[in-house]
Amino acid sequence: MKTFDNLYNELQHGENSEMNDLLKKAQAESKKSNRISLMICLIIDAFIIFGGLSGEVPSFMKGMVIYQIIFSIIAVDILVITFTKLIFGKSYREYSKKYKSVIIDKLMSNFYDNAEYFPIKPVPEYIYTEPGYEEYYNRYYSDDYLEGEIDNKYSIQMGEITTKKVTRSNGRSHTVTKFSGLFAKVVMHKSMQGELRIMRDGRYALDNKLKMDSSEFEKYFDVKSSDNIKGMQLLTADVMEELMDFVNNTQMIFDIVIRNNYLYLRFHSGSMFEPRNIKGDSLNKEEIQKYFYMLNFTYNLSKRLISLIEETEM
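Numbering (the working numbering), first residue to last: 73 to 386.
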């Protein structure tokens, strides 16, 4: 396994001319899109303001009219910007595809053996439902699917997932994002013969969670186990310290479910593995380092938990 600096140097010295060409086209396309959407928004916004304020309005209704004008401007501007980016986003989509096939694929292969990375393939939804997360959703989106192995022994499936709850009331649609981030399933050789759930603090009632030795750890996580003794055996002081360190270093919420010989990890990271910043060059170091760190932690945490289960008498 390579360090980030070694991996980044390899990427810098690789064949990146095609990526740079695609990036320049995407940058030019983005500037054109911004100019066009700005002009359209200004024209439409002017019509909305003129139309909203041109008529006679009773003084007690002026506040409501101004609110409607502001709401209409925001809604229209979002639609215009989104639609314009779709029209003028061909080069960015091509660059994003190349970015994933070159950079993200290399990051994935650095950690996982026999890795096969499918940027547009989803994690099968039935796998995501296996841990029994306590969330209701009716929209499921996924991509960046990975199949591989840890140490050529333990199968891992991983990918980006977004779940949403969409409801309708009074003729309007309301959308709430329930989860957005990275999800992974690892198949271990040894079963803990039960279930252990480590969720963010506040998920479980006081009488329904495992009392931990570390009060500091309980500020971060709630723990629930089908066997409290096994739960305490697995969550040693150094493991709890590692979990807290990751929260402090990333300010990211994550949860862990171990069910028999299956390990499920979920990171509330938002969208992952996309080329966010296209203003610089094709190798944004800070962005790539973030993805490296996330994959590194997923890999190390999986190995740590597998090792604990294999070493613990169940």
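Glycine is no exception: its CB is placed at the ideal position from the N, C-alpha and C atoms. This one's a predicted model, so the numbers in the text were calculated from it and none came from an experiment.
Give the DSSP-derived three-state secondary structure of residue i in the structure shown.
i, result
"V195", "coil"
"S298", "coil"
"T247", "strand"
"Y184", "coil"
"L306", "helix"
"Q361", "helix"
"D215", "strand"
"I381", "helix"
"F255", "strand"
"M264", "coil"
"F289", "helix"
"M271", "strand"
"E221", "strand"
"F345", "coil"
For residue i, collect the residues of the same chain with a Cβ closer than 7 Å to its Cβ; drop the 5 residues on either side in sequence, then sort them by chain order.
i, result
"S379", "none"
"I199", "Q229 and K257"
"I360", "Y80 and I175"
Given residue i, which residues of its chain have a CB within under 8 Å of its CB, disregarding the five upstream and five downstream residues?
i, result
"K162", "E101"
"Y292", "R272, D273, L315, M316 and V319"
"L306", "M264, L268, I330, L377, L380, I381 and T384"
"R240", "H246"
"K178", "L79, E82 and L83"
"A309", "D285 and S286"
"K250", "E207, Y208, Y209, T235, K236 and K237"
For residue i, report the span of its alpha helix (DSSP H) as first-last.
i, result
"D77", "F76 to Q84"
"S173", "Unbroken run through S173: none, as it is neither H nor E."
So, at 6 Å on beta carbons, what are the nonlocal neighbours of residue i in its own chain, with the 5 sequence-adjacent residues on each side left out?
i, result
"N333", "M260 and S263"
"Y371", "F183"
Would you decide whether residue i is buried or exposed? Buried here means 16 or more other CB atoms lie within 10 Å of its CB.
i, result
"R338", "buried"
"Y171", "buried"
"N210", "exposed"
"V238", "exposed"
"S298", "exposed"
"I233", "buried"
"I150", "exposed"
"D77", "exposed"
"V248", "exposed"
List the endpoints of the continuous beta strand (DSSP E) containing residue i.
i, result
"E206", "Here E206 belongs to no beta strand (DSSP E), and DSSP marks it neither H nor E."
"Q229", "Y226 to S241"
"F339", "Y334 to F339"
"I328", "F326 to R331"
Kindly say whether residue i, judged by its beta-carbon, lies nearer than 8 Å to any beta-carbon of chain C.
i, result
"L179", "This model lacks chain C altogether; it includes just one protein chain."
For the ligand ZN, is there a heavy atom less than 7 Å away from the beta-carbon of residue i?
i, result
"S298", "This structure lacks the ligand ZN; in fact it carries no ligand of any kind."
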